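Structure, as structure tokens:
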Amino acid sequence: MSERKGAIILLWIVAFGSLGFSGYLFVKNEIFSAPSPDSGVTSPDSGLTLVGLWDDLAKNKEFAPYTTDYNWLIEFDNNQFNISNYFEVSNNNTRFKLLKEGFYKITLLLRLDEATADEVYWAYLIRNGAFDHCLARIAISENPGSLDHQIESSVYVKSTGLDNFSIRCYSTGSAEFKISHLQTFNQLSIEYNN
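Going left to right, the sequence shown walks through residues 1275 to 1468 as this note's numbering numbers them.
And the structure:
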């Protein structure tokens, strides 16, 4: 009988010890070691590091062949967060190069204004001048409820460290459209996968 009591007591000691150690690790890793806003880490569990964030997006028609009101590039301004050893920006803030090799997550929030009926609108990620990923396709019906449409899209890309990226917007029917001047609907972020 006393051997059973000893075994039960030993099991209780091991169980409480494990719980205590788990509690210590939780407090150490989740409370005392939470990432600072300057660390660039978006979540301790995600494995992604925020390396770039822009809050102002605009229509740019300066670079051929993207020079019309229905075929243009997104210009990103008002850089809120920047870890510059991961990317560089050029061409009047319409092109970016992902400098470190590896996977990146690119997230686009964009509100398109004055999108007309019976048109299809596209947002593409362009790599070295060629189509890479479709970020959004919006087909407008004959009787749209609104002429404004919100895009929320993310893609993962593998960078070699040499590729140039841009985001192209266009309509298939040559209809003019624009980016909302209310910048609270617009954002571009780049995250690096650790």
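Cβ atoms here follow ideal geometry from the backbone N, Cα and C, with glycine treated the same way. Nothing here was measured: the structure is a model prediction, and the numbers come from that model.
Look at the alpha carbon of residue i and the alpha carbon of residue j, and state the distance between them as a whole number of angstroms.
i            : j            : result
residue 1443 : residue 1363 : 19 Å
residue 1348 : residue 1421 : 19 Å
residue 1339 : residue 1384 : 22 Å
residue 1448 : residue 1413 : 14 Å
residue 1460 : residue 1382 : 8 Å
residue 1366 : residue 1423 : 26 Å
residue 1315 : residue 1321 : Confidence in residue 1315 is poor, its pLDDT being 48 and thus under 50, which makes the residue's placement unreliable; the coordinate value appears in the next sentence. Taking the straight line from one Cα to the other gives about 8 Å.
residue 1380 : residue 1464 : 5 Å
residue 1323 : residue 1457 : 24 Å
residue 1376 : residue 1346 : 28 Å
residue 1406 : residue 1337 : 18 Å
residue 1439 : residue 1361 : 11 Å
residue 1370 : residue 1287 : 57 Å
residue 1326 : residue 1368 : 14 Å
Any idea what DSSP makes of residue i, helix, strand or coil?
i            : result
residue 1337 : strand
residue 1403 : coil
residue 1376 : strand
residue 1326 : strand
residue 1441 : strand
residue 1287 : helix
residue 1474 : Because residue 1474 is not part of the residues shown, which for the chain are 1275 to 1468, the question remains open.
residue 1430 : strand
residue 1310 : The predicted model places residue 1310 with a pLDDT of 48, which falls under 50 and marks its position as unreliable, so this point remains unresolved.
residue 1343 : coil
residue 1392 : coil
With a threshold of 16 other CB atoms inside 10 Å of the CB of residue i, please say whether the residue is buried or exposed.
i            : result
residue 1393 : buried
residue 1378 : buried
residue 1236 : Nothing can be reported for residue 1236, as the shown portion of the chain is limited to 1275 through 1468.
residue 1386 : buried
residue 1426 : exposed
residue 1462 : buried
residue 1455 : exposed
residue 1436 : exposed
residue 1430 : exposed
residue 1441 : buried
Tell me, please, which residues DSSP counts as bridged to residue i.
i            : result
residue 1455 : Looking at the DSSP assignment, residue 1455 forms no beta bridge with any residue, so it has no partner.
Could one say the Cβ of residue i lies closer than 7 Å to chain B's Cβ atoms, at least one of them?
i            : result
residue 1448 : Protein chains in the displayed structure number just one, and chain B is not present.
Please check the pair residue i and residue j, which I expect to be a contact at CB under 8 Å, by giving their CB distance rounded to whole angstroms.
i            : j            : result
residue 1408 : residue 1398 : 6 Å
residue 1359 : residue 1373 : 7 Å
residue 1450 : residue 1343 : 4 Å
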